[in-house]
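Here is the structure we will look at.
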Amino acid sequence: MTKVRTDSIKSLNKESIEDVKMKWERKDILGIRELSPDEINFILDTADSFVEISTRDIKKVPTLRGKTIINLFIEASTRTRTSFEIAGKRLSADTINITASSSSLVKGETLIDTARNLEAMNPDIVVIRHSAAGAPHMIAKLIKQSIINAGDGAHEHPTQALLDMMTIRLRKGSIAGLKIAIIGDIAHSRVARSNIFGMTKMGADVHVAGPATMLPPFLSRFGVTVHTDMGEAIRDADVIMMLRIQMERESLNIFPSLREYSTYYCLNQDRVGLANPDVLVMHPGPLNRGVEIAPDVADGTNSVILQQVTYGVALRMALLYLLTGGTL
Ligand code: CP
Numbered sequence: 009m010t011k012v013r014t015d016s017i018k019s020l021n022k023e024s025i026e027d028v029k030m031k032w033e034r035k036d037i038l039g040i041r042e043l044s045p046d047e048i049n050f051i052l053d054t055a056d057s058f059v060e061i062s063t064r065d066i067k068k069v070p071t072l073r074g075k076t077i078i079n080l081f082i083e084a085s086t087r088t089r090t091s092f093e094i095a096g097k098r099l100s101a102d103t104i105n106i107t108a109s110s111s112s113l114v115k116g117e118t119l120i121d122t123a124r125n126l127e128a129m130n131p132d133i134v135v136i137r138h139s140a141a142g143a144p145h146m147i148a149k150l151i152k153q154s155i156i157n158a159g160d161g162a163h164e165h166p167t168q169a170l171l172d173m174m175t176i177r178l179r180k181g182s183i184a185g186l187k188i189a190i191i192g193d194i195a196h197s198r199v200a201r202s203n204i205f206g207m208t209k210m211g212a213d214v215h216v217a218g219p220a221t222m223l224p225p226f227l228s229r230f231g232v233t234v235h236t237d238m239g240e241a242i243r244d245a246d247v248i249m250m251l252r253i254q255m256e257r258e259s260l261n262i263f264p265s266l267r268e269y270s271t272y273y274c275l276n277q278d279r280v281g282l283a284n285p286d287v288l289v290m291h292p293g294p295l296n297r298g299v300e301i302a303p304d305v306a307d308g309t310n311s312v313i314l315q316q317v318t319y320g321v322a323l324r325m326a327l328l329y330l331l332t333g334g335t336l
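FYI, in the numbering used here the residues of the sequence shown are 9 to 336.
Written out as structure tokens, the structure reads:
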């Protein structure tokens with residue numbers, strides 16, 4: 009990021025407004041691992057300023073008029089794809105959606121050739137979801153346009169972690185010092201990986217829990233406390249993030265039955281009672297009600313699951329804005 013002197017801002021209020029503004033310099037958003045705490049805070053500050061637009065009667069501003077955003081989703085999505093499309097449209101960008109079944113990938117074209125052909129049409133940003141870890145990174149090296157990783161295999165889901173951190177920051181004021189429990193299929197979850205990178209960087213006390221077969225080795229090296237007992241992880245927690253079992257990434261039968269899994273790892277009201285009374289219950293979606301989260305908890309007073317989705321639009325508006333040269 010670059011600090012740019014802005015006398016016009018300075019003249020508004022010499023006492024309370026800093027005489028600098030920040031400019032984003034990365035070409036791509038590929039993962040949380042490479043972002044600094046300052047960069048994360050800068051993205052979240054920018055996203056906060058976009059929340060209000062979605063509450064207006066006319067939810068559209070001209071900020072990205074003339075810009076083109078391609079959403080290339082080679083894996084299923086409801087929330088991420090829709091919110092990127094809404095984010096682009098609310099900023100007046102032209103948005104194009106491509107899915108695996110509607111593209112020439114089904115005729116045998118490679119991802120690299122697909123990306124080169126998209127580059128030739130000169131979009132400004134390509135948002136990519138792919139089942140292969142590293143696919144967005146490979147495309148980012150190959151083409152000149154900005155790439156946003158919308159989820160690559162079990163590797164990272166940076167925009168989900170950013171919207172999760174945005175939700176926590178808006179609800180709790182700050183992330184530093186909070187006890188955050190992430191529960192479930194840690195080994196196969198890109199959401200868990202990105203949030204572990206992000207929340208530890210932001211100073212949270214991160215605890216993870218799941219069956220031993222869903223906990224990757226060497227997890228504690230990432231600065232988290234590892235449990236197999238869910239109760240230990242969520243006791244006195246400020247935030248509980250539940251994860252679904254990533255059936256599409258399971259190559260082995262790593263738990264006996266869904267009933268047994270939910271006996272030990274479903275967040276029900278009794279377990280919520282172990283946490284702080286004002287605990288935030290989070291889930292990236294899609295939910296498997298009755299497996300990892302009880303319906304009355306998903307819909308209960310501590311749940312911010314739909315708030316996460318709402319903030320996801322503002323967060324993605326902020327990323328599109330920053331990657332096309334916007335400043336805060
Ligand atoms: N959280 C999330 O990535 O949801 P989708 O798979 O529906 O995009």
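Quick reminder that beta carbons are idealized off the backbone N, C-alpha and C, glycines included.
Element boundaries [alpha helix (DSSP H), containing N49]: Translated into the one-based positions of the sequence shown, residue 49 becomes position 41. Note, N49: alpha helix (DSSP H), 45-58.
Cutoff 6 Å; reference I78; Cβ partners in own chain excluding five residues on either side: If you number the sequence shown from 1, residue 78 lands on position 70. So the qualifying residues of the chain are I104, L126, P131, V134.
Distance cut 7 Å, beta-carbon to the ligand CP heavy atom: residue list by chain order: A84, S85, T86, R87, T88, R89, G159, H165, Q168, V199, P292, G293, P294
First and last residue of the uninterrupted beta strand (DSSP E) at H235: Stepping through the sequence shown from its first residue, residue 235 is reached at position 227. Taken as a continuous stretch (DSSP letters only), the beta strand (DSSP E) holding H235 covers 233-235.
Opening and closing residue of the beta strand (DSSP E) in which F205 lies: The sequence position of residue 205 within the sequence shown is 197, counting from 1. Careful: F205 lies outside any beta strand (DSSP E), inside the alpha helix (DSSP H) at 198-209.
Straight-line gap, I248 to A128 (C-alpha atoms, nearest Å): On the sequence shown, residue 248 is found 240 positions in, with the first residue counted as 1. On the sequence shown, residue 128 is found 120 positions in, with the first residue counted as 1. Approximately 44 Å, taken between the alpha carbons.
Same chain, Cβ closer than 7 Å to L328, neighbours up to 5 away in sequence not counted: For the purposes of this step, residue 328 is taken as the residue at position 320 of the sequence shown. Correct list, in chain order: L72, I77, A95, G96, L99, A101, I133.
Alpha-carbon spacing of I194 relative to I106, whole angstroms: Here residue 194 refers to the residue found at position 186 when the sequence shown is read from its first residue. Here residue 106 refers to the residue found at position 98 when the sequence shown is read from its first residue. The straight-line gap from Cα to Cα measures roughly 29 Å.
Beta-bridge partners of N157, as assigned by DSSP: Locating residue 157 in the sequence shown gives position 149, counting from the first residue. Its beta-bridge partners are I136.
Exposure of D172, with buried meaning 16 or more beta-carbon neighbours within 10 Å: Along the sequence shown, read from residue 1 onward, the residue named residue 172 stands at position 164. Result: buried.
Spatially closest choice to I40 from I136, R87, S57, I156, by CA coordinates: Looking up residue 40 in the sequence shown gives position 32. Looking at the Cα atoms, I156 is the closest of the given residues.
Extent of the continuous alpha helix (DSSP H) to which V305 belongs: Taking the first residue of the sequence shown as position 1, residue 305 is located at position 297. Per DSSP, V305 belongs to the alpha helix (DSSP H) from 303-306.
L314, buried or exposed, once every other Cβ within 10 Å from all chains shown has been counted against 16: Translated into the one-based positions of the sequence shown, residue 314 becomes position 306. So L314 ends up on the exposed side.
Beta-carbon proximity of A217 to M238, cut-off 7 Å: Position 209 of the sequence shown holds residue 217. Position 230 of the sequence shown holds residue 238. In contact: A217 and M238 (Cβ atoms closer than 7 Å).
C-alpha distance - V305 paired with G298, whole-angstrom precision: Looking up residue 305 in the sequence shown gives position 297. Looking up residue 298 in the sequence shown gives position 290. Rounded to whole angstroms, V305 to G298 spans 10 Å at the Cα level.
Same chain, Cβ closer than 7 Å to K22, neighbours up to 5 away in sequence not counted: Position 14 of the sequence shown, counting from 1, holds the residue named residue 22. Legend: pLDDT at K22 = 35, less than 50; position of this residue unreliable, value from coordinates given subsequently. Within the same chain, K22 has no close Cβ partners at all.
Cut-off 8 Å between Cβ atoms - residues of its own chain near I191, not counting five sequence neighbours on either side: Start at 1 with the first residue of the sequence shown, and residue 191 comes out as number 183. Excluding residues within five positions, the ones whose Cβ falls inside 8 Å are V216, A217, G218, M238, A241, I242, I248, M249, M250, L251, Y273, L275, E300.
Beta-carbon proximity list for G65, same chain, < 7 Å, skipping 5 on both sides: Position 57 of the sequence shown, counted from the start, is the residue given in the question as residue 65. The question names Gly, yet the displayed sequence has Asp at residue 65. If we look at D65 and ignore the five residues flanking it on each side, it has no Cβ neighbours.
Buried or exposed by the 16-neighbour rule on C-beta atoms within 10 Å, applied to V114: Here residue 114 corresponds to residue number 106 of the sequence shown, with the count starting at 1. Label assigned to V114: exposed.
The stretch 175-183 / the stretch 153-167 touching (three or more Cβ pairs under 8 Å): no
Contacting residues, own chain, Cβ-Cβ under 6 Å from I262 (five flanking each side not counted): Residue 262 sits at position 254 when you count from the first residue of the sequence shown. T221.
Enclosing alpha helix (DSSP H) for L119 [first to last residue]: Within the sequence shown, residue 119 is the residue found at index 111, counting from 1. Taken as a continuous stretch (DSSP letters only), the alpha helix (DSSP H) holding L119 covers 119-128.
Beta-carbon gap between H163 and A141 smaller than 7 Å: Counted from its first residue, the sequence shown places residue 163 at position 155. Counted from its first residue, the sequence shown places residue 141 at position 133. In contact: H163 and A141 (Cβ atoms closer than 7 Å).
Own chain partners of S16 with C-beta closer than 7 Å, once the 5 adjacent residues on each side are dropped: Against the sequence shown, residue 16 aligns to sequence position 8. Low local confidence applies: a pLDDT of 33 at S16 is under 50, so the model's placement there is unreliable, with the coordinate-based value given in what follows. Nothing meets the Cβ criterion.
With 16 other Cβ atoms within 10 Å as the buried cut-off, status of P225: As a first step, residue 225 must be located in the sequence shown, where it is residue number 217. Result: exposed.
Between the CA atoms of D244 and V214 - distance to the nearest angstrom: Position 206 of the sequence shown, counting from 1, holds the residue named residue 214. Position 236 of the sequence shown, counting from 1, holds the residue named residue 244. About 12 Å.
Selection from Q254, Q168, G116 that minimises the alpha carbon distance to V321: Stepping through the sequence shown from its first residue, residue 321 is reached at position 313. Cα-wise, what sits closest to V321 is Q168.
Counted within 10 angstroms of its Cβ, other Cβ atoms place G206 as buried (16 or more) or exposed: The count along the sequence shown starts at 1 and reaches residue 206 at position 198. The residue in question, G206, is buried, as its Cβ has 16 or more Cβ neighbours within 10 Å.
Within 7 Å, strictly: CB atoms of L80 and I136: Translated into the one-based positions of the sequence shown, residue 80 becomes position 72. Translated into the one-based positions of the sequence shown, residue 136 becomes position 128. The answer is yes: Cβ separation under 7 Å.
Backbone secondary structure at N296 - three-state DSSP: Start at 1 with the first residue of the sequence shown, and residue 296 comes out as number 288. Of the three classes helix, strand and coil, the one that applies to N296 here is coil, per DSSP.
Under the three-state DSSP convention, the category T271 falls into: One-based indexing of the sequence shown puts residue 271 at position 263. Correct three-state label for T271: helix.
Where the beta strand (DSSP E) containing F81 begins and where it ends: For the purposes of this step, residue 81 is taken as the residue at position 73 of the sequence shown. F81 -> beta strand (DSSP E) spans 76-81.
Residues near H235 in its chain [Cβ-Cβ closer than 8 Å; skip 5 each side]: Position 227 of the sequence shown holds residue 235. H215, V216, A217, A241, listed in sequence order.
Cβ distance (whole Å) where S111 is taken to contact T118 below 8 Å: The residue labelled residue 111 in the question sits at position 103 within the sequence shown. The residue labelled residue 118 in the question sits at position 110 within the sequence shown. 11 Å between Cβ atoms; not a contact.
For G74 and L20, the rounded distance between their alpha carbons: As a working note, residue 20 is residue 12 in the sequence shown. As a working note, residue 74 is residue 66 in the sequence shown. Only weak support exists for where L20 lies, its pLDDT of 32 falling under 50; the value from the coordinates is given anyway. Approximately 30 Å between the Cα atoms of the pair.
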